[in-house]
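Take the sequence shown: its letter number 109 is residue 108 in numbering that gives the first Met the number 0, and every next letter is one higher.
Even for Gly, the Cβ is constructed at its ideal location relative to N, Cα and C.
Computed from a predicted structure; not experimentally measured.
These notes are about the structure you will find just below.
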Amino acid sequence: MYAIEELKNLNAGYDSQHLLTNADTEKVNNLIDWIQNSRDNESPQIGDVVEYTNKYGNYYANAHIDRVTNDGQLYICESPYVPFIDTFGGKLTTSTSGGAWHYIPKNLRYVGKQRKKFCVWGHHGPCANGAVDFFAEVNVWEYTKGEHDFTTQTHDKFTLYVRDSEENGSSYKYLLSKDGCSHTAFHTKEEYEQWLSCFNGVETDGFFPNSKIVWTFKQFVIYIPIEDYLELRDAVVDKELNNGCTQECKRIVENKTVTTYFPYQQDRIVLN
């Protein structure tokens with residue numbers, strides 16, 4: 000439960016524009032009480048969190064349960080914004096933006112509990128910057144659609160597109176994208192296979208001609224001072240296309256992660 004000053008600290012923008020009141024605080028605390036007393040460790044409820052993996056192996060750690068249907072399904076949002084929550088007709092209701100949306104079965108595996116951010120309209124009602132944020136404890140569940148050798152919970156997922164010939168005046172033939180954005184590119188098959196080996200990559204069937212889905216160890220990139228870079232031990236010295244040029248880097252493999260280190264760009268080591 001919140002004291003008014005604590006809630007003001009969490010909602011500085013709202014407080015400066017609308018002045019957070021005791022009534023706002025009471026409304027929030029009543030909602031927290033309602034949310035937390037309505038949790039059921041045997042059955043998912045509105046507002047709970049689902050660790051959701053879809054049929055493509057994409058993992059979403061904080062999917063939101065928006066509705067429980069009469070036929071025992073859950074209506075969830077993979078990547079929600081902070082959900083609005085209130086009571087209507089003696090029940091909790093939520094509303095959020097985000098996507099994508101899915102119906103999933105109700106019989107999920109219980110994982111535990113976590114604090115989750117919600118919001119509710121303050122004393123001025125729906126208006127600009129008129130929502131009050133707060134946290135309440137909810138249950139966390141797990142659901143995976145289908146069976147997967149790899150998921151984005153443990154691996155990185157890329158789409159590989161192989162050009163038949165030079166296109167748009169570019170000599171890059173092997174193009175890799177991640178989450179819809181360009182990631183890296185290679186001129187030759189040898190360069191691409193070196194990258195694949197470096198990150199323990201595995202190819203699976205793609206969805207389009209000349210494409211593959213590539214799963215690799217989790218990749219992290221860290222920029223550090225040149226002095227720290229030169230002192231790195233137990234690292235593999237490698238090279239990578241970075242900021243438009245090929246630069247030296249060092250990689251450390253640990254468990255199923257590969258961390259790539261570069262010096263800060265003013266001290267970058269450019270290779271021919």
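Asked	Found
Pick from N254, W214 and R250 that is closest to D148, judged by C-alpha positions	W214
Beta carbon proximity, E41 to chain B, threshold 8 Å	Here chain B cannot be found, since the structure has a single protein chain.
S96, DSSP secondary structure in three states	coil
Per DSSP, the bridge partner or partners of C248	D237
F216 classed as buried or exposed, judged by whether at least 16 other C-beta atoms fall within 10 angstroms	buried
Span of the alpha helix (DSSP H) around H17	A11 to H17
Residues of its chain near V287, where Cβ-Cβ distance is below 6 Å and the 5 sequence neighbours each way are ignored	Residue coverage of the chain in this structure runs from 0 to 271, which leaves residue 287 outside it and unanswerable.
Inter-stretch contact at 8 Å, needing at least 3 Cβ pairs: the stretch 8 to 23 / the stretch 125 to 137	yes
Cβ shell of K172 (< 6 Å), same chain only, five flanking positions each side left out	R162
Extent of the continuous alpha helix (DSSP H) run through N138	Not the alpha helix (DSSP H): N138 falls in the beta strand (DSSP E), residues A130 to T143.
Touching by the beta-carbon criterion (3+ pairs, under 8 Å), the stretch 117 to 129 and the stretch 21 to 31	yes
Sub-8 Å separation of P224 and Y263 beta-carbons	yes
Segment limits, alpha helix (DSSP H) that includes C76	C76 -> not in any alpha helix (DSSP H); beta strand (DSSP E) instead, spanning Q72 to P79.
Contact between the stretch 68 to 82 and the stretch 90 to 101 (3+ Cβ pairs under 8 Å)	yes
For F272: DSSP bridge partner residues	The structure shown does not extend to residue 272, since the chain spans only 0 to 271, so no value can be given for it.
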